[in-house]
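Residue numbers (this note's numbering): 558 to 1091. Reviewing the structure listed below.
Set out below in structure tokens:
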């Protein structure tokens, strides 16, 4: 708007007393320092496949098309979804094998600065992994004294998404809350299930019909809640580059648009209940640019689909720090990695962020490490004020060009996937697996040779360190409970709600029989940690 343009004009002459230095003058000075050496040797060639130069100037911004008359909060949103501030939600992940203990952890987290909760309660293969929320009584115990009308509550519940959503709605009704005020999400993402499990969780068409039913229910009853989460975690955790993570995640988003519009849903309806989730690694500037490039491309995609509302073009982004680069040895270094990643997520413009505790890769985090992870974000907000600066990266020659390069490369790969018929067809052809495997192999070779560094593991290790006594962070699991018989009803959240209000009704009754699940149809992705061989 005009006020923003006026403010920008006031700063135009800040450096007027300094002479301008052209790119050619910089190159000449560098060549002089190199004593005739090849300046190209200073280029960095990351896994993303393009060269990053040693310096950038204002001249480099001439080729960055999205900067033309583009301000924070304006299309195509590379500079953020909002025009004022840079706030995000401090999210805390709750994992426990006990509903009562999970409630204690949730209340403790909220009392110590967390602003949203993510409950891990994944149902599948006859088990529930994490918090055993299976009935209306369980949900009430889990959320006892949690102000769900004010705090966003997210559920990592996989195949149990429809059942968990129904239980959450029952709890809100029981409290007499206006469900239109509820915010948060369930992570229904059948394409992630396909990529990691090798097949859809059930009949392919029925899977997307259930997703349509969830979105339709939310549209009419819980408009601020989201059901569809397009995840990039499994690509990142399998070794993908930032370009691959963006491209394949966008392809997943487009696959959902295509599948659901074919079921008579508009793009605006779909995107209003869709969110994206990315892992943030420790390549600081690349990760900042990754979120900016993802927003830039998604807004253009949704515009091409004919979205009518501005909100539909804004990519809602949830983030968590990476587990790929976290190590068992010298684990306190993980805290430093997490801080860098949290800064990148915040500056890149995430809407919520979960920082993994430093010991999360080898044991269930305790109070101390959870507090350190939470305080990392509190410091970034309350002492570093990263939440108060709109688009902190805006105008950086380096980050703007990095954003542009990432967007160009990711778009090219995205178009290649789409030319094969989309994400599902590309997975069935093995293309995505092969692309990620190539990057994964390169990463592994670099770690083995020391070209890539994991501090305290393949560089500067403490040879006296024996490592932690516990070596495994298995998520607790319990067999799914079942009522007297499997419930077979319509693909309707309203039907699920009516059923789950019964005293002997469990979400396991809503799941399709695992024995009837189709066999693997693709080669699954293989998430891992880079430091595992050490």
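The beta-carbon is built from N, C-alpha and C at its ideal position, and this holds for glycine as well. On a predicted model such as this, the values are computed, not experimentally measured, just so you know.
**Message:** According to DSSP, simplified to helix, strand and coil, what is residue 892?
**Reply:** To locate residue 892, count along the chain shown from 1; it is residue 335. The answer is helix: DSSP assigns residue 892 an H, G or I state.
**Request:** Could you spell out the range, first to last residue, of the beta strand (DSSP E) harbouring residue 675?
**Result:** Here residue 675 refers to the residue found at position 118 when the chain shown is read from its first residue. According to the DSSP assignment, residue 675 belongs to the beta strand (DSSP E) that extends over 673-681.
**Asked** What are the boundary residues of the beta strand (DSSP E) that includes residue 885?
**Response** Along the chain shown, one-based indexing puts residue 885 at 328. Residue 885 -> no beta strand (DSSP E), and no H or E assigned at all.
**Item:** Beta bridge counterpart(s) of residue 1036 as assigned by DSSP
**Value:** Working through the chain shown from its first residue, we reach residue 1036 at position 479. Paired residues: 684.
**Asked** Looking at the unbroken beta strand (DSSP E) that takes in residue 971, where does it start and where does it end?
**Response** Mapped onto the chain shown, residue 971 falls at position 414. Not the beta strand (DSSP E): residue 971 falls in the alpha helix (DSSP H), residues 954-976.
**Item:** Exposure label - residue 564; buried when at least 16 CB within 10 Å
**Value:** Taking the chain shown and counting its residues from 1, one reaches residue 564 at position 7. Any answer about residue 564 is weak, because its pLDDT of 49 lies below 50 and its placement is not dependable; what the coordinates show is given next. Classified as exposed, residue 564 has fewer than 16 neighbouring CB atoms from the shown chains inside 10 Å of its CB.
**Prompt:** Looking only at C-alpha atoms, which of 879, 831, 822, 801 sits nearest to residue 989?
**Reply:** In the chain shown, residue 989 corresponds to position 432, counting from 1. Closest in C-alpha terms to residue 989, from the list 879, 831, 822, 801, comes 801.
**Prompt:** How is residue 648 classed by DSSP in three states: helix, strand or coil?
**Reply:** The residue given as residue 648 occupies position 91 in the chain shown. Correct three-state label for residue 648: strand.
**Message:** If distances are taken between C-alpha atoms only, which option among 639, 814, 919, 796 comes closest to residue 1024?
**Reply:** Reading the chain shown from its first residue, position 467 is the one you call residue 1024. Ranking the options by Cα distance to residue 1024, first place goes to 919.
**Message:** Can you tell me whether residue 637 is buried or exposed? The criterion is at least 16 other CB atoms within 10 Å of its CB, across all chains shown.
**Reply:** If you number the chain shown from 1, residue 637 lands on position 80. Label assigned to residue 637: buried.
**Item:** Inter-residue spacing [alpha-carbon to alpha-carbon] between residue 627 and residue 895
**Value:** Within the chain shown, the letter at position 70 stands for residue 627. Within the chain shown, the letter at position 338 stands for residue 895. Between the alpha carbons of residue 627 and residue 895 lies a distance of about 31 Å.
**Prompt:** When you compare each of 771, 883, 666, 947 to residue 923 by their alpha carbons, which one comes out closest?
**Reply:** Numbered from 1 along the chain shown, position 366 holds the residue referred to as residue 923. Closest by alpha carbon: 666.
**Prompt:** Could you give the distance in angstroms between the alpha-carbon of residue 690 and the alpha-carbon of residue 862?
**Reply:** Here residue 690 is taken as the residue at index 133 of the chain shown, counted from 1. Here residue 862 is taken as the residue at index 305 of the chain shown, counted from 1. For residue 690 and residue 862, the distance between alpha carbons rounds to 38 Å.
**Asked** Across which residues does DSSP place residue 601 in a beta bridge pair?
**Response** As a first step, residue 601 is located in the chain shown; it is residue number 44 there, counting from the start. Answer is 609.
**For residue 877, the first and last residue of its enclosing beta strand (DSSP E)** = Along the chain shown, read from residue 1 onward, the residue named residue 877 stands at position 320. Per DSSP, residue 877 belongs to the beta strand (DSSP E) from 874-878.
**Item:** Burial state of residue 601, where buried means 16 or more other Cβ atoms lie within 10 Å
**Value:** Start at 1 with the first residue of the chain shown, and residue 601 comes out as number 44. With fewer than 16 Cβ atoms within 10 Å of its Cβ, residue 601 is classed as exposed.
**Request:** State the start and end residues of the unbroken alpha helix (DSSP H) segment that holds residue 783.
**Result:** Position 226 of the chain shown, counted from the first residue, corresponds to residue 783. That residue, residue 783, is in no alpha helix (DSSP H); its beta strand (DSSP E) goes 782-788.
**Request:** Please classify residue 1067: does DSSP put it in a helix, a strand, or coil?
**Result:** Within the chain shown, numbered from 1, the residue matching residue 1067 stands at position 510. Note: residue 1067 maps to helix in three-state DSSP.
**Message:** Suppose contacts are defined by Cβ-Cβ distances below 8 Å. Is residue 931 in contact with residue 671 by that definition?
**Reply:** Numbered from 1 along the chain shown, position 374 holds the residue referred to as residue 931. Numbered from 1 along the chain shown, position 114 holds the residue referred to as residue 671. Contact: yes.
**Prompt:** In three-state terms, what does DSSP make of residue 810?
**Reply:** As a position in the chain shown, residue 810 is number 253, starting the count at 1. It is helical.
**Request:** Excluding the 5 residues preceding and the 5 following residue 714 in the sequence, name in chain order all residues of the same chain whose CB lies nearer than 7 Å to its CB.
**Result:** Here residue 714 corresponds to residue number 157 of the chain shown, with the count starting at 1. The beta carbon of residue 714 sits closer than 7 Å to those of 678, 679, 680, 721, 743, 744, all from its chain and outside the five residues before and after it, given in chain order.
**Prompt:** In chain order, what residues of the same chain have a beta carbon less than 8 Å from the beta carbon of residue 1089, not counting five sequence neighbours either side?
**Reply:** Working through the chain shown from its first residue, we reach residue 1089 at position 532. There are no such residues.
**Item:** the stretch 951-960 in contact with the stretch 845-861 per 3-pair CB rule at 8 Å
**Value:** Counting Cβ pairs under 8 Å, three or more are found: they touch.
**Request:** With a threshold of 16 other CB atoms inside 10 Å of the CB of residue 992, please say whether the residue is buried or exposed.
**Result:** Reading the chain shown from its first residue, position 435 is the one you call residue 992. Residue 992 should be labelled buried.
**Asked** Do residue 908 and residue 646 have their C-beta atoms within less than 8 Å of each other?
**Response** Looking up residue 908 in the chain shown gives position 351. Looking up residue 646 in the chain shown gives position 89. It is a contact, given that the beta carbons lie within the stated cut-off.
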